[in-house]
Amino acid sequence: ALIDKGNHRHFMQKEIYEQPIVVAQTLRSYLQRMEGKVALPIPDFDLSAIRRVTIVACGTSYYAGMVAKYWFEQFARVPVDIDVASEFRYRAPVMEPGGLMIVISQSGETADTLAALRHAKSEGQTIAAVVNVPTSSMAREADLLLPTHAGPEIGVASTKAFSCQLAVLAALAANLAKAKGKLDEAEERDIVRHLAEAPAAINGALAYDESIEAMAGAVAGARDVLYLGRGTDYPLALEGALKLKEISYIHAEGYAAGEMKHGPIALIDEHVPVIVIAPSGPLFEKTVSNMQEVQARGGKVVLISDYDGVAAAGQGCLATITMPKVHPLIAPIVYAVPVQLLAYHVAVAKGTDVDQPRNLAKSVTVE
Ligand code: G6P
Numbered sequence: 241a242l243i244d245k246g247n248h249r250h251f252m253q254k255e256i257y258e259q260p261i262v263v264a265q266t267l268r269s270y271l272q273r274m275e276g277k278v279a280l281p282i283p284d285f286d287l288s289a290i291r292r293v294t295i296v297a298c299g300t301s302y303y304a305g306m307v308a309k310y311w312f313e314q315f316a317r318v319p320v321d322i323d324v325a326s327e328f329r330y331r332a333p334v335m336e337p338g339g340l341m342i343v344i345s346q347s348g349e350t351a352d353t354l355a356a357l358r359h360a361k362s363e364g365q366t367i368a369a370v371v372n373v374p375t376s377s378m379a380r381e382a383d384l385l386l387p388t389h390a391g392p393e394i395g396v397a398s399t400k401a402f403s404c405q406l407a408v409l410a411a412l413a414a415n416l417a418k419a420k421g422k423l424d425e426a427e428e429r430d431i432v433r434h435l436a437e438a439p440a441a442i443n444g445a446l447a448y449d450e451s452i453e454a455m456a457g458a459v460a461g462a463r464d465v466l467y468l469g470r471g472t473d474y475p476l477a478l479e480g481a482l483k484l485k486e487i488s489y490i491h492a493e494g495y496a497a498g499e500m501k502h503g504p505i506a507l508i509d510e511h512v513p514v515i516v517i518a519p520s521g522p523l524f525e526k527t528v529s530n531m532q533e534v535q536a537r538g539g540k541v542v543l544i545s546d547y548d549g550v551a552a553a554g555q556g557c558l559a560t561i562t563m564p565k566v567h568p569l570i571a572p573i574v575y576a577v578p579v580q581l582l583a584y585h586v587a588v589a590k591g592t593d594v595d596q597p598r599n600l601a602k603s604v605t606v607e
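Numbering of the sequence shown is given in UniProt numbering, commencing with residue 241 and proceeding in unit increments.
1) Quick check: is any heavy atom of the ligand G6P less than 7 angstroms from the C-beta of A356?
2) Quick one: does the C-beta of C404 sit closer than 7 angstroms to a heavy atom of the ligand G6P?
3) Along the chain, where does the beta strand (DSSP E) containing V324 start, and where does it finish?
4) Report the residue from A576, I282, G554, E499 whose alpha carbon sits nearest the alpha carbon of L384.
5) Three-state secondary structure (DSSP) at I490?
6) Pick out whichever of L416, R331, H389, K565 has its Cα sitting closest to the Cα of A316.
7) Select from I256, V262, W311 the residue whose C-alpha is nearest the C-alpha of P568.
8) For the alpha helix (DSSP H) holding residue 631, just list the boundary residues, first then last.
9) Counting only beta-carbon separations shorter than 8 angstroms, does K420 have a partner in chain B?
10) Find out if the Cβ-Cβ distance for the pair Q259, S403 is shorter than 8 angstroms.
11) Report the option in L357, K309, V542 whose CA atom is closest to the CA atom of A410.
12) Can you round the beta-carbon distance between I344 and I290 to whole angstroms, since I take them to be within the 8 angstroms contact cut?
13) Would you please state the rounded distance, in angstroms, between the beta carbons of V541 and V514? I believe it to be under 8 angstroms.
14) Cβ atoms of A583 and I517: under 8 angstroms apart, would you say?
15) Pairs of beta-carbons, one from the stretch 321-339 and one from the stretch 424-433, closer than 8 angstroms: are there three or more?
16) Taking buried to mean at least 16 other C-beta atoms within 10 Å of its own C-beta, is H284 buried or exposed?
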């Protein structure tokens, strides 16, 4: 068959392992690495006239959008509104001239996202579509098509499409920033250089597969799991929790680390594993102090950080997962890997159907 699992036990595992290649493939079509430039397809509208960005998606694609919101604001300084498609469509959103709607979808067919696209279009918004299926409805109906080159994704739980979406969205954010005069040549060169490091860093992350597998048993017995992160690692915490519930059926919640004290901290006891996603960087200290609040209440922490982070804060954790040291821009792309692998190994330990989880569909074409 054209599409098979190769040496892998599940499609999901195969797709996790394809990420260095498909992210490189995707980046290649959006970056001119030697020149240090981002290179998007030229839109037939004026990018510099975009005054507001609205991001709409569902599921994992929505979390890619949440990460991108940080980038659009940071680089291009445009206000960003983001919503899940099923809410956006029915809340009478305000859409003014100069608005760019970005839909993000692996399939390009998700009914809620497609309905949101059509609604925004009828309200005069310009539409960019980040989709993995270039012949899909969303691809056809958008003003600007930005394909991810992840290849066919078979596992119901999305993995490689997510990391490729992030790669495209980072390039788009840089491109918009450039069009709006918010990015000088040196800054653009830096962004391109950091993004180009992602495939090797993903490889580095995959090297920790066995140590993640070894600790999956500690999570597999839990009834509830909490994921914490700050900044672009907050959407990653949400994505980690989604992956775990989708395929292992363990109840999991992602929370902004700083928001934990406003509720979820009440859940903490020795039975609730808390996965803390905290690459070293400007937000590290703050996240670690939230982690210590968990530990002070007997919570069992799994810290995912780089060598420096693990050295600084790994003591007293149930387990640590050490990632390669990466620039904060690509951290959400690289840290997606341990989060996916953890969910994968927990599901395998529980014996659930990894590629075809109960009640879920790969592409949801009803609203
Ligand atoms: C379904 C899938 C998810 C996916 C979501 C959005 O719920 O099970 O993995 O993230 O749809 O799909 P899309 O194709 O629009 O990215």
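Glycine is no exception: its CB is placed at the ideal position from the N, C-alpha and C atoms.
These numbers come from a predicted model, not from an experiment.
Based on what the coordinates show:
1) no
2) no
3) 320-324
4) I282
5) coil
6) L416
7) W311
8) Outside the shown range of the chain, which is 241 to 607, sits residue 631, and nothing can be said about it.
9) Absent here is chain B; the protein component of the structure consists of one chain.
10) yes
11) K309
12) I344 to I290, Cβ: 17 angstroms. No contact.
13) 5 angstroms
14) no
15) no
16) Going by the sequence as given, residue 284 is Asp instead of His. Looking at its Cβ environment, which holds fewer than 16 other Cβ atoms inside 10 Å, D284 is exposed.
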